[in-house]
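**Q** I have a structure I would like to understand better, so I am pasting it below and will then ask my questions one at a time.
In the UniProt record's numbering, the protein residues as written are 1 to 619.
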């Protein structure tokens, strides 16, 4: 990355403890790590998270973001000890909630843009000033950019439908986001080497010393955990969020990829594209019917653990533990980087310089945007009251919103019998593991006789309570783990890392169980399709052989009915009366037919005499 000429000095010694020839304090640029810059970045990140949480619990997030599990959880919070009724199973936003949704989407858009732009700006400024800023300062810059990156990822989930409908804005944001990710990951990885250096090349040296470390005989070492696990998590979250912007908000890109993989495997087995797609859809329908608990008439409803996890991790409620993880990890990193970064910063951090004042004042733009959006909604409301304008969601008076994101499309089933052939004893027991349904229900689902039904009030209430409780437990778990990641060289930090690995294993087992179940039902569809194609091919052979049979072999007194698609020639009334009776034609006894032998000729060949075609006529 170039050099800084003779001004670069990488032999300076900085130490947190008194050491001969080393300085214990370091001068830090207040425009990089000053209180104003810290307040600006942290305020935007926490404000965006707070707006999302507030919008969720007030049911003001976009309707396509929420699933039926989210609605059940929110209804459980509202009703507390009151029982559910049928009206609680549907969600029809009020006009006030729709107005708030517009305000929240606009406000999150402003905050998201601000985080994206400032994150890119601070990283570019830090890398461009590598000859002047120290590794200590670059460490602060990296974790400020981390806050911008993480909060921007949160905003993409809420703005999915907003950006999906605005393709030009979406494409520009995606390009900008990919550039931001590339710069951030590069900065994040090189930032992990500083903690492994000795005092001759430590955090007090300039950033450029990292790229010229070989000149001073230093070996660069990266932190394995942060450069793999954390970067991998960031890449995965952002990749899924970016790809989701190109799909309808009700479609999961991960599910599309998995279903496409299943369909490709079926096509390799010789099935057509249409048959493969239909088999995958039908298997998904059976899988959902198998997971769904039976209709309950009392409060003692049975919910399988697989049904709960399938619904919970498809809801927006499952995002909150990840939000706490990112915020607790980032806050701890900022605190350690500024006040416990191995060096003691000078008093310059308390000085409000030009850059800090500008950063704080720019926060007013966010507040002004929120005020403008709220005022715009009031203005629209006045126009609606006066009859000058009508909003799109008010123009459709018959619109009813029912959250059904988890339900797979229903394809017409092709048989109502259990698939023939062995399905494997072990495989069948793995699929049935943890389910409360009987073997009869299992066979009925395999035969396609039991369809996915709507949730009853008892299942909805229990699902809402369980989702809230599990979200609380998972949130506390990730808060502890997120803080522990900042102390990876201690017992607490190592425990947090092992807990994270255990959680990854737990998620992998859930995914494996889901894949095994779906593949089981897909194999059922393969047997069904093959058993249906075999009789059809046999019938086709019989049909072709029947056409080659001699028609004279048929009894002459059999009543025949044929339907012609071609126009019939004109027939007289006498012929109509003699040849048609109630849509059928009857033949009398055959007349005398002389053969070649009867008249003394040699039997050269048997002539076949076909009667003239009989057309159905209506009297």
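In this text, a Cβ means the ideal position worked out from N, Cα and C, and glycines have one as well.
Are the segment 107-122 and the segment 149-162 in contact at 8 Å, needing three or more beta carbon pairs?
**A** The segment 107-122 vs the segment 149-162: in contact.
**Q** Can you have a look at residue 30 and say buried or exposed, based on whether 16 or more other CB atoms are within 10 angstroms of its CB?
**A** So residue 30 ends up on the buried side.
**Q** Once you ignore the five residues that flank residue 60 on each side, which residues in its own chain have a CB closer than 6 Å to its CB?
**A** Excluding positions up to five away in sequence, the list reads 97, 100, 101 and 104.
**Q** How about residue 207 and residue 135: are their beta carbons less than 7 Å apart?
**A** Closer than 7 Å, so yes.
**Q** So, is residue 74 buried or exposed, given that buried needs 16 or more other C-beta atoms within 10 angstroms?
**A** Residue 74 is buried by the Cβ-count criterion.
**Q** Applying the criterion that 16 or more other CB atoms from any shown protein chain within 10 Å of the CB defines a buried residue, is residue 507 buried or exposed?
**A** Burial call: exposed.
**Q** Check the DSSP bridge columns for residue 262 and list the partner residues they point to.
**A** Looking at the DSSP assignment, residue 262 forms no beta bridge with any residue, so it has no partner.
**Q** Please give me, in chain order, every unbroken run of the alpha helix (DSSP H) with length at least 4 that falls completely inside the segment 453-484.
**A** Complete alpha helix (DSSP H) runs here, min 4: 457-484.
**Q** Check each candidate in 122, 131 and 167 and name the one with the smallest Cα separation from residue 149.
**A** The shortest Cα separation from residue 149 among 122, 131 and 167 belongs to 122.
**Q** Measure the C-alpha to C-alpha separation of residue 495 and residue 275 and round it to an integer number of angstroms.
**A** Roughly 50 Å between the two C-alpha positions.
**Q** As an exercise, report each continuous alpha helix (DSSP H) stretch of at least 4 residues that is fully enclosed by the segment 233-307, in chain order.
**A** For the segment 233-307, whole alpha helix (DSSP H) runs of length 4 or above, ordered along the chain, are 253-268 and 273-291.
**Q** Might you give, ordered along the chain, the residues of its own chain that have their beta carbon closer than 8 Å to the beta carbon of residue 249, omitting 5 neighbours on each side?
**A** If we look at residue 249 and ignore the five residues flanking it on each side, its Cβ neighbours are 62, 64, 65, 160, 161 and 164.
**Q** CB-CB under 7 Å to residue 169, same chain, minus the five flanking residues each way: which ones, in chain order?
**A** Closer than 7 Å at Cβ, skipping near neighbours: 163.
**Q** Excluding the 5 residues preceding and the 5 following residue 336 in the sequence, name in chain order all residues of the same chain whose CB lies nearer than 7 Å to its CB.
**A** 486.
**Q** Suppose you measure from the CA of residue 192 to the CA of residue 186; what does that come to, to the nearest Å?
**A** Near 10 Å, if we compare the C-alpha coordinates of residue 186 and residue 192.
**Q** Inspect the CB distances between the segment 460-472 and the segment 298-307 and report whether three or more fall short of 8 Å.
**A** These segments touch.
**Q** Helix or strand or just coil, what does DSSP make of residue 26?
**A** It is a strand residue.
**Q** Just to confirm my understanding: we take residue 227, look at its own chain, exclude 5 residues before and 5 after, and list those with CB closer than 7 Å. What are they?
**A** If we look at residue 227 and ignore the five residues flanking it on each side, its Cβ neighbours are 189 and 192.
**Q** Taking a contact to mean a Cβ-Cβ separation below 7 Å, would you say residue 499 touches residue 481 in this structure?
**A** Yes, Cβ-Cβ distance for residue 499 and residue 481 is below 7 Å.
**Q** Is residue 295 near residue 456, with beta carbons less than 7 Å apart?
**A** Yes. Within cutoff.
**Q** Would a C-beta distance cut-off of 7 Å place residue 442 and residue 287 closer than the cut-off?
**A** Their beta carbons are not under 7 Å apart, which means residue 442 does not touch residue 287 by this criterion.
**Q** Buried or exposed: where does residue 635 fall if 16 or more other Cβ atoms within 10 Å of its Cβ makes it buried?
**A** With the chain covering 1 to 619 only, the question about residue 635 has no answer from this structure.
**Q** Given residue 290, which residues of its chain have a CB within under 6 Å of its CB, disregarding the five upstream and five downstream residues?
**A** So the qualifying residues of the chain are 445.
**Q** For residue 184, does the count of other Cβ atoms within 10 angstroms reach 16, so buried, or fall short, so exposed?
**A** That one is buried.
**Q** Less than 8 Å between C-beta atoms, sequence neighbours within five positions excluded: which residues of the same chain meet that for residue 12?
**A** For residue 12, where only same-chain residues beyond five positions count, the Cβ hits under 8 Å are 23, 204 and 205.
**Q** When you compare only the Cα positions, how much space is there between residue 131 and residue 210?
**A** The straight-line gap from Cα to Cα measures roughly 11 Å.
**Q** Can you tell me the Cβ-Cβ gap for residue 41 and residue 116, rounded? I've got them flagged as a contact below 8 Å.
**A** Rounded, the Cβ-Cβ distance is 13 Å, inconsistent with contact.
**Q** Can you tell me where the alpha helix (DSSP H) holding residue 78 begins and where it ends?
**A** Segment 68-79, the alpha helix (DSSP H) holding residue 78.
**Q** Contact check, residue 307 vs residue 321 under 8 Å by CB: the rounded distance?
**A** 20 Å between Cβ atoms; not a contact.
**Q** Can you check whether the CB of residue 238 is closer than 7 Å to the CB of residue 325?
**A** No, the Cβ-Cβ distance between residue 325 and residue 238 is not below 7 Å.
**Q** For the ligand PLP, is there any heavy atom lying closer than 6 Å to the beta carbon of residue 483?
**A** Annotation note on the ligand PLP: not contained in the displayed structure, which lists no ligands.
**Q** In whole angstroms, give me the CA-to-CA distance for residue 458 and residue 35.
**A** Distance between the alpha carbons of residue 458 and residue 35: 52 Å.
**Q** Given residue 126, which residues of its chain have a CB within under 6 Å of its CB, disregarding the five upstream and five downstream residues?
**A** 138 and 141.
**Q** For residue 277, which residues of its own chain have a beta-carbon under 8 Å away from its beta-carbon, when the five flanking residues on both sides are left out?
**A** For residue 277, where only same-chain residues beyond five positions count, the Cβ hits under 8 Å are 263.
**Q** Out of 493, 430 and 45, which has the shortest C-alpha to C-alpha gap to residue 225?
**A** When only C-alpha atoms are compared, the closest one is 493.
**Q** Could you check the C-alpha separation between residue 318 and residue 471 for me, to the nearest Å?
**A** So the alpha carbons of these two residues sit roughly 7 Å apart.
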